[in-house]
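*Asks:* Chains A and B, in that order, are what the protein sequence lines are.
First residue of the first sequence? That's 4 in my numbering, and the numbers climb one at a time after it.
First residue of the second sequence? That's 113 in my numbering, and the numbers climb one at a time after it.
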Amino acid sequence: MSTLTLRAGAVVLRVERRTAVVSAGLVTTAAVLALVALCYGQTWTSPAQVFTALASGGESAFVIREWRLPRVTAALVFGACLGLAGAIFQNLTRNALGSPDVIGLDAGAYTGALVAITMLNGTAGQLAVGSVTGGLLAAAVIYLLSLDSGFSGLRLVVIGIAVNAMLTALNSWIVLRAEIDVAMAATGWSAGSLNGVDWAELRLPFAVATFFVLLLVVISHAMHQAALGDEIARTTGVRLGRLRLLMVLAGVGCTATVTAIAGPIVFIALAAPQIGRRLARAAGVPLVPAALTGAVLLLTADLVAQLLLAPVALPVGVVTTAIGGCYLIWLLGMEVKRR
Amino acid sequence: MRSRLTAQDVTLGYGERMVSTGVSLAVPDGAFTAIVGPNACGKSTLLKAFVRLLTPSSGTISLDGRDVSGHRPKRFAQQVGFLPQGLVAPENIVVRRLVARGRYPHQSLFTTGSATDEEAVRSAMAVAGVTELAERPVEELSGGQRQRVWIAMVLAQETPYLLLDEPTTFLDITHQYELLALFARLRDEGRTIVAVLHDINQACRFADHIVAMKDGRVVAQGAPADVVDAALMQEVFGLPSIVMANPVTGTPMVVPTV
């Protein structure tokens with residue numbers, strides 16, 4: 004396996020050639036899908052018209068720039084966030100099942116968002132703060148319960164699955180208790196949907212996501228070192244306790260940001276890192292392939308959601324749940340076989 | 113005899129369970145120290161305390177007169193390298209990439225492949241004899257090859273101190289002797305080696321300093337010729353034996369009489 008070396012002054016980055024090729028392939032796929040998604044709508048716009056609209060305006064400029072482009076961008080960014088969140092938690096737990104949607108962090112973020120809607124006014128800022136807080140609280144509970152006499156990834160996953168079930172029940176209860184109009188809004192949102200997102204809604208989550216991605220860049224080297232096992236990680240100088248806290252923070256941040264805007268979208272965080280890892284044949288659970296695979300998966304799912312019962316646009320969460328259910332059954336089967 | 117790495121009257125244990133009490137040990141600089149003793153006598157636990165994986169409940173372990181817990185993690189890792197038992201490599205990783213992970217304490221955020229790192233990895237692979245395996249995935253290798261890859265990783269860390277927990281386990285006898293000879297060579301180059309060894313004859317043959325442990329205590333320590341005799345074998349291992357001079361090296365050789 005050969006490597007590519009990138010130099011910029013004192014900064015030296017080494018990339019496996021296969022990872023670079025796979026990443027380039029994923030970027031191309033995402034670009035093609037994005038173009039298709041920009042063309043597709045109530046009326047089909049030709050790619051030439053799309054380019055014109057993006058570059059200089061024209062008759063369909065408003066539809067494409069203000070309706071379709073935010074949705075496509077959101078699908079790409081949120082997909083990447085979910086892929087990263089999954090990769091972080093799968094690295095942390097060293098388990099393919101250790102994904103935020105399985106261990107209850109989506110449900111926790113959703114609880115936080117529900118509280119913001121039902122008890123406060125449900126503004127964008129409250130939703131963002133509410134879902135990040137909810138996700139962090141869920142993560143803290145799971146993390147503390149799984150500590151016992153030392154950290155164990157498998158224990159964290161098992162406890163997370165239980166917490167997920169409890170939070171899902173709590174969420175249903177909150178919705179049932181709410182006023183009818185609030186409950187209807189919350190229920191529609193609970194499926195996870197990108198229908199009708201616009202730029203105004205996206206500014207805050209994009210800024211938050213950027214922050215967490217930067218945090219991730221800073222800790223990624225230590226994170227990969229930690230994949231060698233606790234003992235080697237610590238004796239080569241990794242501050243493991245601090246690293247785990249930052250990983251949880253970055254992972255929750257990435258998940259909750261998406262949940263705040265689109266509701267809980269499952270399956271992407273679970274599957275994207277594993278698909279990316281297999282494509283890149285890289286060691287551990289690499290971040291860049293996970294992010295790119297997540298972006299491609301979510302955009303694909305969103306296109307399918309729009310096409311399936313057109314002109315009715317399904318929530319993208321319905322599509323990802325359907326596919327994700329099958330994948331989860333397969334994964335659980337493999338896990339049982341392994342033990 | 114100078115020594116930078118010392119244990120002062122330490123008590124070690126996991127939770128409520130005490131493994132060692134009142135252990136004092138000064139690791140001689142530039143020497144090859146072998147820790148020997150029966151199973152569960154606290155050898156590995158002591159080694160873990162030296163590399164900060166375990167904090168003593170009393171007493172101090174210090175490097176250069178300062179408590180090891182007070183050193184910054186990466187700085188400490190530039191001084192002391194450790195090879196634990198039972199390591200599992202991440203899936204799909206190739207030998208060269210795994211060995212390069214030993215460079216972690218010398219790297220900062222973005223400089224993950226300087227010329228110094230490259231040279232250290234190349235030389236570590238050559239010394240451990242895994243150069244020709246460089247591009248092979250670690251999980252495809254035999255147990256002995258894998259063990260040499262991990263040793264290359266710790267060598268790439270380029271630490272003056274090298275602590276190894278039963279490094280010869282899973283190796284056939286030829287590889288065991290090759291590895292011990294390698295440690296002796298590293299010692300000759302000025303490194304300090306501390307290894308937990310199972311075979312008392314190998315320990316006598318290669319080590320300069322023997323530390324014999326039983327039930328969490330140090331029973332005897334010193335040069336092999338001074339400490340290893342039939343009485344010690346009886347006391348530490350409960351094994352009746354005669355001790356004679358090794359015909360090749362003149363070091364003590366234990367022959368059990370059971």
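No residue lacks a Cβ here, since even glycine has one placed at the ideal position from N, Cα and C.
These figures come from a predicted structure and were not determined experimentally.
1) Between A:G279 and A:S26, what straight-line distance do the alpha-carbon atoms span, to the nearest angstrom?
2) What is the rounded straight-line gap between the Cα of B:S181 and the Cα of B:N313?
3) Once you ignore the five residues that flank A:R74 on each side, which residues in its own chain have a CB closer than 6 Å to its CB?
4) Rounded to whole angstroms, how far is the Cβ of B:D141 from the Cβ of B:R114, which I believe are closer than 8 Å?
5) Between which two residues does the alpha helix (DSSP H) containing B:S156 stretch?
6) Could you tell me which of B:G328, B:L245, B:F188 sits nearest to B:V148, measuring between CA atoms?
7) Could you give the first and the last residue of the continuous alpha helix (DSSP H) run that contains A:A165?
8) Taking DSSP's pairing of strands, which residues face B:F144 in a bridge?
9) Any idea which residues DSSP pairs A:T323 with across the strands?
10) Would you report the Cα separation of B:M345 and B:P364, rounded to the nearest angstrom?
11) Output yes or no for whether 8 Å exceeds the beta carbon distance between A:G28 and A:A294.
12) According to DSSP, simplified to helix, strand and coil, what is A:K340?
13) Would you be able to state if there are at least three C-beta pairs under 8 Å between the stretch 110-121 of chain A and the stretch 129-139 of chain A?
14) Confirm, please, whether the CB-CB distance from A:N98 to A:V160 is below 8 Å.
15) For A:T31, count the other beta carbons within 10 Å of its own beta carbon; 16 or more makes it buried, fewer makes it exposed. Which is it?
16) So, at 8 Å on beta carbons, what are the nonlocal neighbours of B:T167 in its own chain, with the 5 sequence-adjacent residues on each side left out?
17) Would a C-beta distance cut-off of 8 Å place A:G163 and A:G107 closer than the cut-off?
18) Going by the DSSP bridge assignment, what does B:K326 pair with across the sheet?
19) So, does the CB of B:Y216 fall closer than 8 Å to a CB anywhere in chain A?
20) Please list the residues of the stretch 179-195 of chain B that have a C-beta atom closer than 9 Å to any C-beta atom in chain A, keeping them in chain order.
21) For A:F81 and B:L199, what's the separation of their Cα atoms in angstroms?
22) Indicate whether A:S193 and A:Y113 have their beta-carbon atoms separated by less than 8 Å.
23) Could you spell out where the alpha helix (DSSP H) holding A:T260 opens and where it closes?
24) Verify the CB distance criterion: does B:R209 have a CB-CB separation below 8 Å to chain A?
25) How about B:V266 and B:G193: do their beta carbons lie closer than 8 Å?
26) Quick one: list the residues of chain B neighbouring A:A285, beta-carbon separation under 7 Å, in chain order.
27) Using only the alpha-carbon positions, how far apart do B:R213 and B:R184 sit?
28) Hey, would you say B:R215 sits closer than 8 Å to B:V233, going by beta carbons?
29) How is A:M4 classed by DSSP in three states: helix, strand or coil?
30) From B:D229 to A:L139, what distance separates their C-alpha atoms?
31) What are the residues that DSSP puts in a beta bridge with B:T133?
32) Look at the Cβ atom of B:P202, then the Cβ atom of A:L100, and state whether they are nearer than 8 Å.
33) Do the stretch 311-324 of chain A and the stretch 262-274 of chain A meet, that is, are 3 or more Cβ pairs less than 8 Å apart?
34) How would you label B:T286, buried or exposed, when you count the other beta carbons within 10 angstroms and need 16 or more for buried?
35) So for B:G125, helix, strand or coil by DSSP?
36) If the criterion is Cβ atoms closer than 8 Å, does the pair A:F270 and A:T324 meet it?
*Replies:* On the basis of the coordinates in this document:
1) 9 Å
2) 35 Å
3) Contacts found: L197, V200.
4) 5 Å
5) 155-162
6) B:G328
7) Membership of A:A165 in the alpha helix (DSSP H) is indicated by the continuous run 156-180.
8) B:I305
9) Note: A:T323 sits in no beta bridge, so no partner.
10) Between B:M345 and B:P364, the C-alpha separation is close to 12 Å.
11) no
12) helix
13) yes
14) yes
15) exposed
16) A161, S181
17) The Cβ-Cβ distance between A:G163 and A:G107 falls below 8 Å.
18) B:R329
19) Output row for B:Y216: interface = yes.
20) So the close ones are R184, P185, K186, R187, F188, A189, Q190, V192, G193, F194, L195.
21) Straight-line measurement puts the Cα of B:L199 at about 36 Å from the Cα of A:F81.
22) For A:S193 and A:Y113, yes; Cβs fall inside 8 Å.
23) 243-265
24) When Cβ-Cβ separations below 8 Å define contact, B:R209 makes contact with chain A.
25) yes
26) N204
27) 19 Å
28) yes
29) With a pLDDT of 45 at A:M4, under the threshold of 50, the modelled position of that residue is not reliable, and the figure given next carries that caveat. DSSP places A:M4 in coil when its eight states are reduced to three.
30) So the two alpha carbons sit approximately 38 Å from each other.
31) DSSP lists no partner for B:T133.
32) Their beta carbons are not under 8 Å apart, which means B:P202 does not touch A:L100 by this criterion.
33) Segments in contact, yes.
34) Per the 10 Å Cβ criterion, exposed.
35) Three-state DSSP puts B:G125 in a strand.
36) yes
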